[in-house]
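These notes are about the structure you will find just below.
Numbering (this note's numbering), first residue to last: 6 to 202.
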């Protein structure tokens with residue numbers, strides 16, 4: 006893919022269409038453009054996360070992920086083109102294993118919160134899931150390789166794990182642990198069950 010950014014304000018999209026990487030035009034509300042937009046939004050949210058204080062290895066991983074997502078965007082912009090590879094999915098698997106090795110086992114549901122960085126990582130996770138859903142929808146009508154779908158699935162898991170890592174990093178003086186969900190209804194029901202015994 007060559008450098009095609011000769012000007013930004015082209016006005017060619019005023020009619021509600023946009024150009025794909027292969028030169029064809031499609032409606033801006035097409036499923037393909039929707040998926041491309043979701044991936045772009047995810048990458049932008051990861052860019053926001055990168056403005057926070059982060060452990061250096063997390064920062065390096067997020068920068069690699071931004072490049073991978075740009076590859077995915079390139080793949081989505083050219084029907085039938087492949088950029089995202091299995092090795093990129095395998096790298097996410099390895100990073101998941103690495104970070105999970107140092108986290109306590111999670112026995113309860115957690116809320117998306119804690120430190121600011123962890124909360125932003127949770128926002129990235131939810132945007133990633135939305136991008137994954139858009140990609141699955143696109144795959145219902147057009148051929149999409151397995152690595153892009155697998156990548157987004159793994160990435161949402163990694164972002165969840167990174168939120169836990171960032172809460173423990175405690176770089177901004179907040180967090181320090183996950184924020185655990187406490188359901189009053191479940192506690193009440195459990196208490197009622199105990200009383201019946």
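Don't be surprised by glycine CBs; every beta carbon is placed ideally from N, CA and C.
Simplified DSSP assignment, three categories, for residue i
{"i": "residue 115", "result": "strand"}
{"i": "residue 135", "result": "helix"}
{"i": "residue 121", "result": "helix"}
{"i": "residue 156", "result": "helix"}
{"i": "residue 90", "result": "coil"}
{"i": "residue 51", "result": "helix"}
{"i": "residue 106", "result": "coil"}
{"i": "residue 35", "result": "coil"}
{"i": "residue 70", "result": "helix"}
{"i": "residue 145", "result": "coil"}
{"i": "residue 85", "result": "coil"}
{"i": "residue 62", "result": "helix"}
{"i": "residue 43", "result": "helix"}
{"i": "residue 57", "result": "coil"}
{"i": "residue 150", "result": "coil"}
Nearest-angstrom Cβ-Cβ length linking residue i and residue j, presumed shorter than 8 Å
{"i": "residue 47", "j": "residue 122", "result": "No, residue 47 and residue 122 are not in contact; Cβ-Cβ is about 16 Å, not under 8 Å."}
{"i": "residue 164", "j": "residue 126", "result": "5 Å"}
{"i": "residue 152", "j": "residue 102", "result": "Not really, about 19 Å apart at Cβ, beyond 8 Å."}
{"i": "residue 100", "j": "residue 66", "result": "6 Å"}
{"i": "residue 144", "j": "residue 134", "result": "Contact doesn't hold; Cβ gap of about 16 Å is too wide."}
{"i": "residue 54", "j": "residue 129", "result": "6 Å"}
{"i": "residue 158", "j": "residue 36", "result": "19 Å between Cβ atoms; not a contact."}
{"i": "residue 174", "j": "residue 60", "result": "5 Å"}
Same chain only: Cβ atoms within 6 Å of residue i, ignoring 5 sequence neighbours per side
{"i": "residue 170", "result": "104"}
{"i": "residue 108", "result": "169"}
{"i": "residue 198", "result": "Interpretation of residue 198 is limited by its pLDDT of 49, a score under 50 that renders its predicted location unreliable; the figure taken from the coordinates is listed afterwards. Excluding residues within five positions, none has a Cβ falling inside 6 Å."}
Bridge-paired residues (DSSP) for residue i
{"i": "residue 184", "result": "116"}
Residues of its chain near residue i, where Cβ-Cβ distance is below 7 Å and the 5 sequence neighbours each way are ignored
{"i": "residue 39", "result": "139"}
{"i": "residue 172", "result": "119, 120, 123, 180, 181, 182, 183"}
{"i": "residue 186", "result": "113, 114, 115, 116"}
{"i": "residue 162", "result": "101"}
Cut-off 8 Å between Cβ atoms - residues of its own chain near residue i, not counting five sequence neighbours on either side
{"i": "residue 156", "result": "73, 77, 89, 93, 94, 97"}
{"i": "residue 50", "result": "125, 128, 129, 132"}
{"i": "residue 52", "result": "71"}
{"i": "residue 166", "result": "101, 104, 105, 108"}
Minimum Cβ-Cβ distance from residue i to chain D less than 7 Å
{"i": "residue 108", "result": "Absence of chain D from the displayed structure is noted, only one protein chain being present."}
beta-carbon residue i near the ligand SAH non-hydrogen atom, thresh 6 Å
{"i": "residue 93", "result": "In the structure shown, the ligand SAH is absent, as is every other ligand, since no ligand is present at all."}
Q. Is the stretch 40-60 touching the stretch 131-148, taking contact as three or more C-beta pairs under 8 Å?
A. Enough Cβ pairs lie closer than 8 Å, so yes.
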